[in-house]
Every structure is written in structure tokens, then in C-alpha cells.
Amino acid sequence: MSFFSVRQGKSVDPILIIGILLLLVALLGVGGIIEALGAVAWVLLILAIIVIAWRVITGRRAV
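Take the sequence shown: its position 24, counting from 1, is numbered 248 in the working numbering, and each next residue is one higher.
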């Protein structure tokens with residue numbers, strides 16, 4: 225079973241995936257990708273703070 229596989233035995237062409245990624249890089253530009261990753265990092269940071277605060281407020285401890 226290949227890493228790039230979909231249900232029912234149909235395989236996704238890895239070259240197609242690489243091509244789509246390169247197209248996104250070309251459209252966004254290097255600066256755009258860095259800004260997008262920065263925005264995602266801020267969202268994840270805010271979500272982590274909310275989850276930690278919720279656990280502290282409710283008295284649950286992390287496993």
C-alpha cells in the first residue's frame with residue numbers, strides 16, 4: 225500500500241501533488257507562504273492558551 229493512496233485502490237500521483245504545491249508556492253510567493261504560516265501559528269497559539277485556561281478553570285489536569 226503506497227503512502228499516496230486513496231480508497232478503493234486508486235493511487236494519487238505524487239508528481240501531481242508536488243505540482244499543486246509548487247503552484248501554490250508560485251501564486252503566494254515566498255513572503256505569502258511565510259505570512260500564512262505565521263497566521264496559522266498565531267491561531268494555534270491562541271487555541272492552546274484557551275484550552276489551557278479552560279483546563280485550569282475546570283480543574284482538570286493534563287494527562
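Glycine included, C-beta positions come from ideal geometry on N, C-alpha and C.
Backbone CA spacing between residue i and residue j [nearest angstrom]
i, j, result
"ALA272", "LEU251", "30 Å"
"THR282", "GLY262", "30 Å"
"LEU268", "ASP237", "31 Å"
"LEU248", "ILE270", "26 Å"
"ALA274", "ILE241", "One point to set straight first is that residue 274 is Ile, not Ala, in the sequence displayed. Approximately 34 Å, taken between the alpha carbons."
Bounding residues of the alpha helix (DSSP H) (the contiguous stretch that carries residue i)
i, result
"GLY255", "238-282"
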